[in-house]
Each structure stands twice: as structure tokens, then as C-alpha cells.
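Peer 1: Numbering (our numbering), first residue to last: 1052 to 1294.
The structure's right below; bear with me while I get my questions together.
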């Protein structure tokens, strides 16, 4: 048995954050989940009520910044790996860059431009968009990890997460256009190229995560994906918002 007295530090497995060492304690996450349900549920009602719709649109950017930051903090608190932090930064930069190219040329997603609802922009693209890409993909990957926890199936997760994210975009598109998030130049036709790009980008980023054997097991991320999906699904299913 090797000891410190032998001049060598004992080997140890990578540590998992304990309840005491967490930056974002588990009890806070339950509160955050309840807050997400209240905020997004209230957001559905506010968007449907004409008297509150302008207020709902005005607070969209700060609300998404706050909720995305909370989810990202929870993920990085659970999986304390430099590689995951680098992946998150790289995914944000890549998606923003692709959006910039897409807006400028129409060659990535199709011909579109952003409105002013989502806040500050760089070259016509809201900086919030990259953050939302990252947290939604992390949420989709967390869902697939719950379904396929076996490490031998880790290559199934990126494809499943990409399919989930593409389905999310299909649900979101008409609502996002109606609320002024962005505008398709071919509206009401949304190019198939858009959905192919969503799938390809998500598949590539998810595969990079799988190649690095990085895990996303944060329940709050999976729940956040579900909450956002429910928000857009309700607004799409209720005809009033799309009139």
C-alpha cells in the first residue's frame, strides 16, 4: 500500500461535488424548477393576454438570460471538468458564428433576419441565441443520458438529442416568428434547410461531447428543455397567439 510516508500521494478517483461543496445546492435547484414552471407558465398567459403581451416581450431577454445562466451553472457545478467548460464556450461561439453567416448569406438556415425582441446583437444576431443553443442542447443530451445511461450507447445520444432539438425548433418556429424573434424572408414557408441545419449542428456538437466521454446528468437541464418546449407548444396550440 502506497502512503504519503513513502513520498507519494495516494491515488484517488476524480471527486464528485458533495452537498457541501456545491456552488448551486440541490435544494436551490428545486426552487429554480418551481420558478421556471411559474415564469414560463405565466409567460404563456401573458403572451395570450393583449394587455400584458408588450410587457412579456419586453422581459423576454432578461428572463432568458437569468434562466439560461441558472441551468448552465447547475450543469457546470455537477460536471466540474475543464473540457466541458471549453465545450460550452466553443458551442456558444460556433452557433453565434453560424447564425452570423446564416443571417448574412442565407446559406446555413435559409434567408431570415432577427427582430429586436431578443436583445443586444452582434452582426445582426442576438448574443442570447448562442446561450440558448447551448442550454437547450445540454438539456436534450441530459434527457438522452437518462434514457441511455449505458456508456456503450453514448453514440446514440447525439443523434437522439439532435432529433429532439430539431423537433423543438419545428414547434417553436411559428410562435417565434409571430412574437418577432426572427423573420423568414420566405414566410409562411420555412426552408427544410433550416431543420437540416439544426439537426447537423446539434449532431456535431453532441458527437464532440460523446467523443470526449463527457456526461450531462443534470436533471434541471432536462427539465428546462421540457419547460421551454411546453411553453412554445402551448402558444402554438392555442390559436389566439397565432392570429
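Where is the CB? At the ideal position from N, CA and C, for every residue including glycine.
Cβ atoms of residue 1248 and residue 1152: under 8 angstroms apart, would you say?
Peer 2: no
Peer 1: CB-CB under 6 angstroms to residue 1149, same chain, minus the five flanking residues each way: which ones, in chain order?
Peer 2: The residues are 1159.
Peer 1: With a floor of 4 residues, list each alpha helix (DSSP H) that falls wholly inside the stretch 1183–1270, ordered by position along the chain.
Peer 2: 1207–1229, 1243–1262
Peer 1: Could you check the C-alpha separation between residue 1221 and residue 1079 for me, to the nearest Å?
Peer 2: 32 angstroms
Peer 1: When you compare only the Cα positions, how much space is there between residue 1203 and residue 1142?
Peer 2: 24 angstroms
Peer 1: For residue 1224, which residues in the same chain have their Cβ closer than 6 angstroms to its Cβ, ignoring the five residues on either side in sequence?
Peer 2: 1241
Peer 1: Please tell me whether residue 1182 and residue 1257 are closer than 8 angstroms, where the distance is taken between their beta carbons.
Peer 2: no
Peer 1: Which of the three DSSP states is assigned to residue 1159 in this structure?
Peer 2: coil
Peer 1: How do the stretch 1173–1190 and the stretch 1105–1123 stand: do at least 3 beta-carbon pairs fall below 8 angstroms, yes or no?
Peer 2: Touching, per the Cβ criterion.
Peer 1: Measure the C-alpha to C-alpha separation of residue 1287 and residue 1090 and round it to an integer number of angstroms.
Peer 2: 18 angstroms
Peer 1: Tell me the DSSP bridge mates of residue 1176?
Peer 2: 1173
Peer 1: Looking at the C-beta of residue 1190, does it have a partner C-beta in chain C at a distance below 8 angstroms?
Peer 2: Of the protein chains in the structure, only one exists, and it is not chain C.
Peer 1: Less than 6 angstroms between C-beta atoms, sequence neighbours within five positions excluded: which residues of the same chain meet that for residue 1291?
Peer 2: With a pLDDT of 49 at residue 1291, under the threshold of 50, the predicted position of this residue should be treated as unreliable, though the coordinate-derived value follows. Taken in chain order, the residues that qualify are 1099.
Peer 1: Per DSSP, which residues does residue 1165 bridge with? Please list them.
Peer 2: 1233
Peer 1: For residue 1083, count neighbouring C-beta atoms within 10 Å of its own C-beta (all shown protein chains included) and say buried if the count is 16 or more, exposed if not.
Peer 2: buried
Peer 1: Could you tell me the alpha carbon to alpha carbon distance between residue 1194 and residue 1217, rounded to whole angstroms?
Peer 2: CA-to-CA, the gap between residue 1194 and residue 1217 works out to about 15 angstroms.
Peer 1: Give the straight-line distance between the Cα atoms of residue 1229 and residue 1283, rounded to the nearest whole angstrom.
Peer 2: 11 angstroms
Peer 1: Let me make sure I understand the geometry here. Which of 1138, 1104, 1117 has the alpha-carbon closest to that of residue 1263?
Peer 2: 1138
Peer 1: Please list, in chain order, all residues of the same chain as residue 1270 whose beta carbon is under 6 angstroms from its beta carbon, the five residues on each side excluded.
Peer 2: Sequence-distant Cβ neighbours of residue 1270 in its own chain, meaning closer than 6 angstroms and more than five residues away, do not exist here.
Peer 1: According to DSSP, simplified to helix, strand and coil, what is residue 1289?
Peer 2: coil
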